[in-house]
Amino acid sequence: MPNEIAEQKIVLSESAFSMEDWEIVSRIFRRKDTTFEVTVKSTGQLYTRGPKALSVENRSELTRCLECVTNQIVHTNDYLLYNTGTYSLKGGALSEPDGVTEIKSGFSKVTKVIMGDDNTKPQAVMTVDTAQSAFFKSTSMLKFFHAKIEEANGRGGGGRGGRGGYRGHGGYGGDRGGGYDGRLQTSRVYRGHGGYGGDRGGGYDGRRDSYGGHRESYGGNRDGHRGDRYRYRDDRRDDRRDDRRDDRRNDRRDDRRDDRRDDRGESRRDRQNDDRTRSRHEIDYDTEAIKKLEREFEEGRITKTMLENISRALKGLECYPTHLKDVKANRGFTVHSIVDQSAINVKFDREVNGAFNQITVRDYYLDKYGLKLKFPNLPLIVSKRMKEMNFYPMEYLFIVPGQRIKQQKMTPDIQQHMTGQNSSLPAQHIRQNEKILRDHLKMEGGNCYLDAFKIKLESKEPIKMSAQLLAPPYIKFKPSQPIRLEGKGVRFPTNDRTTFVKPAELQSLLIISFDRNFRGVDMFEECLNRQFQSQGIRKDRDYKCIKHQQDANDADGIYRLMKNAKKDKVTLVIAICAEKKPEVHDTLKYFEEKLGQVTLQLSTETCEKMSRGGGNRQTVDNVLRKLNNKCGGTNFFVEVPEQYQGKSVCRNAAEMSRKLFQDTQFIGFELSHTGARTKYEQQNSIVEGDPTSVGVCYTLKQSAELGGFSYYQHTRLHRLSHVGEKFVKCIIEYKNAAGKLPKTIVIYRIGSGEGDYEKIRQEVDDMKKAAQKYEEGYIPKFLVVLSQRNSHVRIFPNQIREGGKAIEQNVQSGTCVDSIGSAHGLMEFILCCQTPMIGTVRPTRYTVIVNDTDWTKNELMNVTYFLSFGHQVSYSPPAVPNVLYGAANLAKRGHNNFKTFTRLGKTKDIMKKVMDSHRDIINPAEMAELVTDDYIETISEKINKLTIKSRNFWA
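The opening position of the sequence shown corresponds to residue 1 in the UniProt record's numbering, with each subsequent residue numbered one higher.
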């Protein structure tokens with residue numbers, strides 16, 4: 001055993017750096033005589049072989065070590081590093097949805113230490129997967145503004161199309177996998193293996209990246225011109241402070257912020273890279289087009305609503321001013337908004353020789369910098385901190401490159417480019433992964449970090465493993481015989497004889513048209529009436545259909561309509577909108593849970609297709625499936641199959657059904673986290689982002705009958721809060737539907753890997769205590785399954801049919817690999833439920849954390865596959881069981897409801913009331929904790945006050 005390294009310290013100053021490196025360092029820290037003290041000391045031993053190598057503590061530390069070493073090669077200015085992927089700055093653009101955005105290809109990698117073949121030696125495995133993300137291009141603010149106005153006027157688009165590239169699309173999740181070859185399939189799992197210190201290695205994992213320190217964007221968190229501020233202050237005394245005092249104050253504030261930033265230096269250093277920063281005076285816009293925008297703004301054709309939409313797209317975006325020189329030129333700022341005022345009419349107080357005079361932004365630039373604005377009549381960009389507002393002309397701003405576009409800010413065009421056209425099929429996907437290993441991670445040679453640690457890549461070939469093809473369940477409609485699914489697609493056909501197994505009953509409908517140009521409401525109602533009759537959907541004796549025209553921007557009017565609908569016992573509110581996903585959709589769904597009134601939003605195009613009659617059966621079916629579920633009906637049941645493809649599957653299906661489904665409740669838990677804090681939130685001292693939304697979906701008497709709800713907990717908290725209380729809500733609803741409590745509880749809990757194992761065990765303990773507290777002596781059996789949708793492992797067929805469609809190149813629905821390695825001895829399997837229509841399929845990895853039942857792995861695999869068919873709207877299975885699919889939708893719904901709640905201006909009042917209730921608490925830390933808890937609980941109560949129980953209202 002080597003001796004421990006003695007503690008060593010070294011001090012680095014300017015003399016220890018090259019001139020080029022020191023120039024970057026000095027720009028980052030902006031202090032003279034900066035020195036760095038580095039301490040190196042031993043924290044213990046790391047074992048790569050022997051009996052201690054597979055201990056929990058050593059395995060975790062060895063995994064972190066391998067992850068750090070293999071990551072190091074991409075920690076340069078040539079890459080953008082994020083928790084979800086690494087993106088090269090040199091090329092990699094898949095497509096350009098418009099002139100200011102691009103879809104870039106990238107990759108993700110994880111390493112893991114597992115038990116070797118002989119169960120004594122550790123084995124390291126690496127999984128690489130393709131990734132893609134939308135980025136803002138490095139463009140002028142003028143070009144960005146022009147593109148957004150064109151988009152608002154319906155003239156946007158026209159960007160460069162997709163070219164293929166690093167893309168892995170299809171379904172939920174992903175981890176290692178298999179393919180098929182006859183009855184017993186042979187699978188190919190893509191992973192590289194190698195050695196650490198002479199032992200074999202490689203790796204896969206779906207856990208959160210243990211390395212950390214990934215940059216979320218480029219550049220420093222600076223506010224524009226120090227002393228060149230255009231101030232609006234609430235307190236007039238602040239106006240008398242001179243520019244020099246303001247400079248000193250803000251520089252000190254920035255210095256303190258610098259001390260708190262561990263990772264910013266890396267991202268700010270990237271700004272020095274010539275590949276990323278184009279000339280700050282480069283003209284990339286059409287001058288005549290910008291002049292036209294000036295005229296449109298002066299004439300009022302650029303409306304306030306258009307500017308508000310652009311503000312939402314810009315908020316949090318980092319820019320840098322192009323007119324500043326020297327050290328100030330390195331100071332970026334974060335955009336707060338765009339205002340409905342120009343450089344000609346915005347004035348501020350400027351002190352000259354002790355006297356304050358009013359000056360416009362246009363005149364200030366001319367006097368201070370000698371710059372005459374080319375476009376003085378355009379709206380101004382605003383940055384804001386505390387009570388200060390700083391105004392910038394667009395023509396002197398450039399957008400810092402390397403900034404990703406968040407999901408909620410993606411336009412339909414960007415979302416379209418993120419899906420189908422950039423997907424890669426299996427053969428291409430394998431070639432892309434080989435390129436990642438060779439060219440980016442340098443696993444085949446030329447990696448000094450691997451050489452230093454004696455790590456070698458043993459093989460880059462996909463690993464072949466055995467797989468099996470699970471039989472799909474029987475689908476029971478009424479009154480026909482169960483449908484037996486055959487073939488690759490496993491999409492079950494329907495016809496006039498396949499009526500709903502449990503049709504809904506309607507008291508009344510309210511149809512709200514938000515499209516004043518739609519004239520087919522009466523015909524749409526007639527179509528519904530015909531379909532109600534054919535599917536057996538019953539109408540109450542006093543049934544009526546109310547039709548109403550409504551302004552989509554009148555949130556108060558929509559609230560009153562839905563409140564009255566709830567009072568009048570309206571079964572369903574159908575909203576007709578011109579767009580497929582309008583903003584009013586989120587408003588409707590927010591009021592749905594707040595008031596307990598079920599809604600269904602349809603586009604005008606869908607309603608017109610239904611009104612026309614024949615030839616649109618698919619459209620009609622899709623609407624009716626949703627409607628029946630939302631109104632309390634069930635479309636079909638799922639049954640254990642006896643045969644599949646002419647072969648016996650289960651000798652006694654009835655007995656197996658009793659064991660697996662009778663007295664069993666299935667529950668899904670999903671967490672929807674907000675993104676990392678934006679620069680805007682950091683600058684404005686907003687400690688917490690949006691709360692984490694938890695979706696909970698549960699089965700009732702039948703495994704295809706669902707209920708659910710969502711709630712909120714602390715931001716980015718990965719352990720379920722109040723899980724005992726929420727679990728009791730689930731079993732109560734089961735008891736109400738079945739007349740008794742469930743004896744077996746099967747939980748599918750979304751997670752990221754072994755880092756969640758202990759959290760889940762603690763959650764189960766909380767649920768067991770809650771069950772006994774609810775009813776003395778009630779001790780159900782638990783089977784808890786960690787479900788990893790994004791574990792980066794893919795399944796490929798042993799023989800890939802290149803040139804065929806996605807469904808022909810990918811593995812079939814039902815492909816399952818259960819012979820994967822585990823370092824913990826837990827029951828694990830990888831299952832592909834969905835039918836891939838584009839790209840390369842992503843399977844889901846399942847790990848059993850708690851098992852009090854006598855279920856076998858084979859039984860669990862089949863039940864998991866059966867449940868995926870229980871999703872009632874799409875007549876083919878998604879990637880995960882119905883309860884997990886429903887929980888994901890509910891978590892997303894909860895997240896959107898919080899956004900809508902905030903947009904309607906409700907959060908500020910709640911925060912004020914909560915803070916006022918804790919004014920007597922002196923300890924700031926204690927107060928912050930209590931305020932956050934009370935705030936989240938109050939928000940949950942307000943938004944989810946009347947969540948519809950025991951009904952698939954989110955269908």
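The beta-carbon is built from N, C-alpha and C at its ideal position, and this holds for glycine as well.
Let me check one thing: in DSSP terms, what residues is residue i bridge-paired to?
i: ALA134; result: ILE103
i: ARG404; result: PHE135
i: ARG484; result: Beta-bridge pairing links ARG484 to no other residue.
i: THR587; result: Paired residues: none, contrary to the question.
i: MET744; result: A small correction: the amino acid at residue 744 is Thr; Met does not occupy that position in the sequence shown. In the DSSP output, where bridge partners are listed per residue, THR744 has THR664, LYS781.
i: TYR846; result: SER787, PHE829
i: GLY707; result: TYR698
i: VAL817; result: ILE830
Count the other CB atoms within 10 Å of the CB of residue i; is the residue buried (16 or more) or exposed (fewer)?
i: ILE700; result: Contrary to the premise, residue 700 reads as Leu rather than Ile in this sequence. It is buried - the Cβ of LEU700 has at least 16 other Cβ atoms within 10 Å.
i: GLY446; result: exposed
i: HIS440; result: buried
i: ILE283; result: exposed
i: GLN533; result: exposed
i: PRO479; result: exposed
i: ASN882; result: buried
i: GLU758; result: exposed
i: VAL382; result: buried
i: GLY708; result: buried
i: THR419; result: exposed
i: SER752; result: buried
Which same chain residues, not among the five before or five after residue i, have their C-beta less than 6 angstroms away from its C-beta?
i: PHE898; result: ASP690
i: LEU317; result: VAL335
i: ASN851; result: LEU783
i: SER657; result: VAL640
i: VAL11; result: THR35, GLU37
i: TYR590; result: ASN897, THR900
i: SER140; result: ASP284, TYR285, PHE398
Whole angstroms is fine: what's the gap from residue i's alpha carbon to residue j's?
i: ILE747; j: SER819; result: 22 angstroms
i: ARG331; j: CYS631; result: 56 angstroms
i: GLU57; j: GLY50; result: 14 angstroms
i: PHE492; j: GLU486; result: 9 angstroms
i: GLY839; j: ASN798; result: 17 angstroms
i: SER735; j: ASP522; result: The sequence given here has Lys at residue 735, not Ser. Cα-Cα distance, rounded: 42 angstroms.
i: LEU293; j: VAL694; result: 44 angstroms
i: ILE436; j: ASN77; result: 17 angstroms
i: ALA578; j: LYS949; result: 30 angstroms
i: ASP363; j: GLU20; result: 38 angstroms
Skipping 5 residues on each side, what residues in its chain have a beta carbon closer than 8 angstroms to that of residue i?
i: ILE779; result: LYS768, ALA771, GLN772
i: ARG304; result: Rather than Arg, the amino acid found at residue 304 in this sequence is Lys. Excluding positions up to five away in sequence, the list reads ASP340.
i: LYS581; result: PRO412
Give the secondary structure of residue i by DSSP, where H, G and I count as helix, E and B as strand, and everything else as coil.
i: VAL640; result: coil
i: TYR778; result: coil
i: VAL490; result: coil
i: ARG719; result: coil
i: MET389; result: strand
i: ASP542; result: strand
i: GLU670; result: strand
i: ALA467; result: strand
i: SER383; result: strand
i: CYS886; result: For the sequence presented, residue 886 should be read as Gly rather than Cys. Helix.
i: LEU700; result: coil
i: CYS650; result: coil
i: PRO503; result: coil
i: CYS577; result: strand
i: GLN341; result: strand
i: GLN872; result: coil
i: LEU528; result: helix
CB-CB under 7 angstroms to residue i, same chain, minus the five flanking residues each way: which ones, in chain order?
i: HIS323; result: TYR369, LEU371, TYR396
Give a single yes or no on whether residue i has its beta carbon closer than 7 angstroms to a heavy atom of the ligand HEM.
i: LYS456; result: Summarising the ligand content, the structure contains no ligands, and the ligand HEM is consequently not present.
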